[in-house]
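Undergrad: For the sequence shown, the positions run 210 to 563 when our numbering is used.
I have a structure I would like to understand better, so I am pasting it below and will then ask my questions one at a time.
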Amino acid sequence: MLPLHLRPDQAIQELLEFNKKLADGLKTLSDLGTLDVGTTPKEAVYQEDKLVLYRYKPITDKINPTPLLIVYALVNRPYMIDLQPDRSLVKHLLETGQDVYLIDWGYPDRADRYLTLDDYINGYIQRCVKAICRRHDLCKINLLGICQGGTFSTCYTALNPEKVRNLITMVTPIDFKTPDNLLSHWLQKLDVDLLVDTLGNIPGEILNWAFLSLKPFRLTGQKYLDMIDSLGDTEAAKNFLRMEKWIFDSPDQAGEAFRQFIKEFFQKNGLMHGKISIGDQRVDLKNITIPVLNIYATQDHLVPPDSSRALQKCVGTADYTEVPFQGGHIGIYVSGRAQKEVPVTIGKWLEARR
């Protein structure tokens, strides 16, 4: 074993410098004030229970005549895709001429304990699609599903192919039992019936810490040490805290929907094998014969690339496009490269299929 060769004077100097950075950083934090997120102008056009359907204000003269509905996951808040003006998938989609709508699921409470996947997919999503179609006097919309919202969007499209013109999925799990899916390995032995029967709704905090535990050193320790180096810059500090706000802003999960999703999708991998039923309808992905754009992240630790790429062999369309993004599950929304690449890719793809 090699000696460490620690010099006391050097160690003391590094400690003094660290303490100074920390003290300066604390002053920066105390002066930041309120952090704004989700700042792109929008209006509520439909509401039901906790759900709000928003339409974002168009910012170009030439607008795609087919609106784009974004369906986000249940487990986090959708302002991740509109975090701040220079890190906003929504804003950049508007710049490509898309007419963008978003479902905000809100925060479920005890009244939502018995909501099922049928309620979310054949209920809420279906009624939002119908509301948009009525507003534009159309029969079909474009659908963009993100993460679990992509899984929901895929199921919805398979069940209602006449309602969707083009389907886009981002970091969307399809095969829930790929060998490198650590989250899936953890969930295989989970007694989800005991969990839901005991707790009712599943606290968002439980899921949040489960996700952080997938990379415990990087996500619960190292990032806070790295944070010290950026606290001298006010804008960098704001960027960091916006991300922290989103990470820990975790809605509770409606108990019955959570039970179904874990058992049918994770534990049985039913979507891959055509054994998922939503309400009284079986989800057959071969019914998806419309154009599909599937965007996945090559370094995704939550939805491994193979989990997303499995979509190609399941759908029934010949117009299937697969786009890798060199980054992780969060970077695909907020990194500088993502802002330049992802919205433009989506915009050009949709423009070619108007």
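Each residue gets a CB set at the ideal place from its N, CA and C atoms; glycine is no exception.
Keep in mind the model is a prediction, meaning the values are calculated, not measured.
Taking 8 Å as the cut-off, decide whether the C-beta atoms of D515 and T387 are in contact.
TA: yes
Undergrad: Please confirm whether R336 and E257 have their CB atoms less than 8 Å apart.
TA: yes
Undergrad: Let me know the secondary structure DSSP gives S565 once reduced to three states.
TA: With the chain represented from 210 up to 563, any question about residue 565 goes unanswered, as that position is not in the structure.
Undergrad: Distance, Cα to Cα, V380 vs D346?
TA: The alpha-carbon atoms of V380 and D346 are separated by roughly 31 Å.
Undergrad: Contact defined as beta carbons within less than 8 Å: I believe R296 pairs with G409. What is the distance between those atoms, to the nearest angstrom?
TA: The Cβ separation is near 36 Å, so there is no contact.
Undergrad: On the CB-based measure, 16 or more other CB atoms within 10 Å of its CB, does A253 come out buried or exposed?
TA: exposed
Undergrad: Ignore the nearest five residues each way along the sequence and tell me which others in E560's own chain have a CB closer than 8 Å to its CB.
TA: N273, T305 and G306
Undergrad: If you run the structure through DSSP and keep just helix, strand and coil, what is R336?
TA: It is helical.
Undergrad: Using alpha carbons as the reference points, say which of T554, L502, Q548 and V246 lies closest to G354.
TA: L502
Undergrad: Distance, Cα to Cα, L423 vs E414?
TA: 15 Å
Undergrad: Does any C-beta atom of chain C lie closer than 8 Å to the C-beta of F361?
TA: No chain C is part of this structure, which consists of one protein chain only.
Undergrad: If you draw a straight line from the alpha carbon of K259 to that of Y288, how long is it in whole angstroms?
TA: Those two C-alpha atoms are separated by around 16 Å.
Undergrad: Just the C-alpha distance for L262 and L404, rounded to the nearest angstrom, thanks.
TA: 31 Å
Undergrad: When DSSP builds the beta bridges, which residues end up paired with N503?
TA: DSSP lists T378 and E531 as partners of N503.
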